[in-house]
Structures are given as C-alpha cells and as structure tokens.
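Per our numbering: the sequence shown ends with 272, consecutive numbering throughout. In what follows, a single structure is set out as structure tokens and then discussed.
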Amino acid sequence: MPIRYRFPPRLIAPRLPSLLFGHRSAYADCCAAYEAIGTTPLVSGVDCIPQSGPFIAVMNHYHRPAVPSWWFAMGMLHAIGARRLGHAPHEPRLIVARHWTYDDYWHRATWGAGSMFVVGRIIRAYGYLGMEPVALGDAAGGRRARSMRLALVAARDARARGGMLGMAPEGGDGPGGVLQRPPAGAGRFLWLLAATGIPFVPFGNSLDGERVRVSVGEPFALPALHARGGPPAASKALFDEWVLQETMGRIARLLPDALRGYYADRMPAGLP
C-alpha cells in the first residue's frame, strides 16, 4: 500500500488543545507522525550529527506534491532527536516563515491568512523562531531585521547551553524540488549566525522510492573557510554568493544529481 504523507485525525485530535494553548515536544510528535503513517525516514551519515554540543542544521527546502516539505523537516528532526536523546538537548529550534505567501489576492486572503494562524500556533507550541517571508520584500524589511536579531540571540543561547537551530536557507519551494539559490542577503545572515561560534551541519532531503531520505554531511565552520580563502573585502553580493556556495554546495553534495540545481557545479573545492 502506498505511503500517504497526511496527518490522520486520530493523531491530531488528542494533540489539538496543547497545539493551540500549550507546548509540545517536536521529536515526540515527529516519531508519532511517522509511526501513524507506517514508515520511518531513511537516514545516512547519522554519525555526522554531533551527540552533544551546539550546531546549526541547514537543509534544502524539498517539496513534492505527494509529500509536503514539512515531512522532510520532520525527518531531519527525527534523525537529530534519535541521535542525541539522552546525551544532550535534542530538539532544534527551527527558523520558519511566519506564513505562506501567494501572488494573487484570493489565495493571500484565504490560505495565506489561515497559514498565519496555524504557523503561529506551531511556532508557539514548539518554541520555534518566526521569520518574515522574503517574498514580502522591503515592505517587511523592519520585521525581518527584528526576526534576524532574535535568531542571533537564539544562536548565542544555543552555544551557551549546547542547543541547536535549524533552517532551510532557500526559504521556499523550488520548481520540481530542485535546489535553488537562496534570496539575496541569506548568505550574510548565515555568516552572522556562524560568527556566534556555532558550526553548521548540512542535511540533504530527498525521496528514496516512497520514503523520506535524510542524508547528513560533516560539520563545517564558516570562519575557518573564510580565513582559508573567502573574500573579506569583496562586495556584499560577492560575499553573499561565497557564503551560499560554501553552505548550499555542501547540501547539494548530499542530494541526487537531479536535485542539485543551481549548485550542481558550485560545490566547494575538495568535496568529492
């Protein structure tokens, strides 16, 4: 029987009150969700996930019509939680867009408005960090800057207590699930996060048949890469491109060739 990546009512109903008004464990709910649909994520490179200490998980924003993107994020949370449970804090604080964005008024007024409420409850219940969608452009620039400042505070807190953050720098779905270049400024934001002294761990999400595949790469530190050959005096655009190439190229390395997209020939030197 095909796997249906949908939340069954028997899973949602008993959790609805605490999703609306309380706090929940993302790892426990990810385990329950995968158990409810009769599968588990396939994970490779699990030893690359540090069992203790802080890190920032960076992943591709993979989406398929039959498998919404949140199932891949849940696969990453499942892998991290299973690796660190009993050893260290095991639930990353994800940086997520506060709501979905659409080009037409009808979808903005319906799905967009509804997603603002739903995502807001998820952010509250799991202790996540909301980010203003990049698609809103300069109109949300002030709110986005505040979101970034809060994310940097959260990164410093994660460093102090051995916790984790998680994010998908692309910020949205790409056509066919192919890896896209993140929006302008994403590289500088990653650099600011890295400057707090926390390493990154890359996660590549894809499908293996019908099952979610999570591939994990070696941790890396952007400051060390910068000292080794980054362009400290380059323009903002070139610096942004360099940071993204170093980060997204490592995610691309973990994906099937057909999903590497923009980064197919932009993987950092020395990666196999």
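Built from N, CA and C at the ideal position, the CB exists for glycine as well.
Go ahead and label residue i buried or exposed: buried means 16 or more other beta carbons lie within 10 angstroms of its beta carbon, across all protein chains shown.
i	result
residue 21	exposed
residue 158	buried
residue 52	exposed
residue 194	buried
residue 257	exposed
residue 251	buried
residue 197	exposed
residue 243	buried
residue 56	buried
residue 265	exposed
residue 238	exposed
residue 202	buried
residue 208	exposed
residue 181	buried
residue 235	exposed
residue 41	buried
residue 120	exposed
residue 1	exposed
residue 170	buried
residue 160	exposed
residue 97	buried
residue 155	buried
Can you give me the start and stop residues for the beta strand (DSSP E) that residue i sits inside?
i	result
residue 58	55-59
residue 211	211-216
residue 208	200-208
residue 164	164-167
residue 46	It is not in any beta strand (DSSP E) - residue 46 carries neither H nor E in the DSSP assignment.
Looking at the structure shown, is residue i part of a helix, part of a strand, or coil, going by DSSP?
i	result
residue 102	Low local confidence applies: a pLDDT of 48 at residue 102 is under 50, so the model's placement there is unreliable, and no value is given.
residue 74	helix
residue 117	helix
residue 129	strand
residue 69	helix
residue 13	helix
residue 4	coil
residue 97	strand
residue 178	coil
residue 52	coil
residue 64	strand
residue 25	coil
residue 85	coil
Closest to residue i by CA distance: which of the options is it?
i	options	result
residue 287	185, 62, 38, 146	The structure shown does not extend to residue 287, since the chain is modelled only from 1 through 272, so no value can be given for it.
residue 70	221, 23, 13, 95	95
residue 44	211, 221, 123	211
residue 18	122, 166, 167, 253	122
residue 177	143, 67, 89, 246	67
residue 205	91, 248, 3, 126	248
residue 85	254, 50, 72, 73	50
residue 260	27, 120, 59	59
residue 118	16, 184, 156	16
residue 46	56, 83, 23, 29	83
residue 165	174, 89, 39	89
residue 132	175, 183, 126	183
residue 39	4, 239, 175, 54	4
residue 144	199, 91, 55, 185	185
residue 149	65, 129, 163, 161	129
residue 93	64, 65, 54	54
residue 10	29, 25, 23	29
residue 125	267, 241, 91, 163	91
residue 174	7, 14, 64	64
residue 72	221, 168, 222	168
residue 199	246, 179, 240	246
What residue range is occupied by the uninterrupted alpha helix (DSSP H) comprising residue i?
i	result
residue 21	16-21
residue 248	236-253
residue 193	186-194
Taking only beta-carbon atoms, is residue i less than 8 Å away from chain D?
i	result
residue 12	Protein chains in the displayed structure number just one, and chain D is not present.
**Message:** Three Cβ pairs or more, each shorter than 8 Å: is that satisfied between the segment 208-216 and the segment 183-193?
**Reply:** no
task = Evaluate the contact criterion for the segment 25-34 versus the segment 74-86: three or more CB pairs, one atom per stretch, below 8 Å.
result = yes
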